[in-house]
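First the structure, in the form of structure tokens, and then the observations on it.
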Amino acid sequence: MDGMIPKAPAVLFEQLNKHFGNYHALRDIDLTVAPGEKIVICGPSGSGKSTLIRCINHLVSPQSGRLAVCGITAQDGKGAVRRIREQVGMCFQHFNLYPHLSVLGNCMLSPVHTHKTPKAEARETAMEYLGRVRMQDQAHKFPSQLSGGQQQRAAIARSLCMKPQVMLFDEPTSALDPESIGEVLDVMADLTDSGMTMLCVTHEMGFARKVADRIVFMDAGRIVEIAPPEDFFSNPQHERSRQFLKQVAPR
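Note that the working numbering has the sequence shown beginning at 1147, numbered continuously upward.
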């Protein structure tokens, strides 16, 4: 529409490179993620998937290229990395919940201490997001009293309480038993309906096929192929993609 300013990409990589010593972990990464887009990143172990998404919130710092998150780059002056991290939520393979705090306490901690949110407001927000991940009835339990799937859902709620623009998932089901995998993936699928931008590293190809707007396939630190799920699974364009799918694709 005339006069409207287009939204900045949620995430923008331009010719991004990352080295760990002599190891070239990311090679000339170009990727634009639109607001509200759901991206699944897949590929063999060691292909650079986790390094890629850890660059987004600067848990890993690239050596060259450009990376912008919601229009902010790390070079945008003092406090830029902090401002980027305020836009980004992240869930890891391991839940990293504070064992001495209840589920509710874990969810309230960062809003109260980082955003200076009043406790009553933080509690209300925490219960709202615990409801979103079907954990409101477990709010007063401690992490040791929860199953792995419940702990991961609590970790997702904790990230959502910071009201991020972008959610990152780094193999969130890899430490879970099969029943828990299903419950966590169901919650993540529900979250995609809310319009939140999501980048997820996963080997769960059924989830990727169901939820993703685009699949990003990586190998040896490079993006080999980017395609909608129906194209990636039915007609991959690269031989390396075809080899990978023979091993992991849902039947």
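Ideal Cβ placement from N, Cα and C applies to all residues, glycine included. It should be emphasised that the depicted structure is a prediction, and the values quoted were computed from it without experimental measurement.
When secondary structure is reduced to three states using DSSP, residue 1224 falls in the coil class, being assigned neither helix nor strand. Counting along the chain, residue 1294 sits inside the alpha helix (DSSP H) bounded by residues 1294-1306. Residue 1164 sits in a strand when the DSSP states are folded into three classes.
In the DSSP assignment, residue 1196 falls outside any beta strand (DSSP E) and within the unbroken alpha helix (DSSP H) covering 1195-1202. With at least 16 other beta carbons inside 10 angstroms of its own, residue 1257 counts as buried.
Secondary structure within the segment 1309-1355: the beta strand (DSSP E) runs of 3 or more consecutive residues, fully enclosed, are 1312-1316 and 1343-1347 (chain order). Nearest Cα to residue 1216 within the set 1228, 1206, 1205 and 1207: 1228.
In this structure residue 1388 is exposed. Its beta-carbon is surrounded by fewer than 16 other beta-carbon atoms within 10 angstroms. Out of 1267, 1285 and 1278, the CA that lies nearest to the CA of residue 1334 is found in 1278. For residue 1304, the CB contacts under 6 Å within the same chain, skipping 5 residues up- and downstream, are 1252 and 1253 in chain order.
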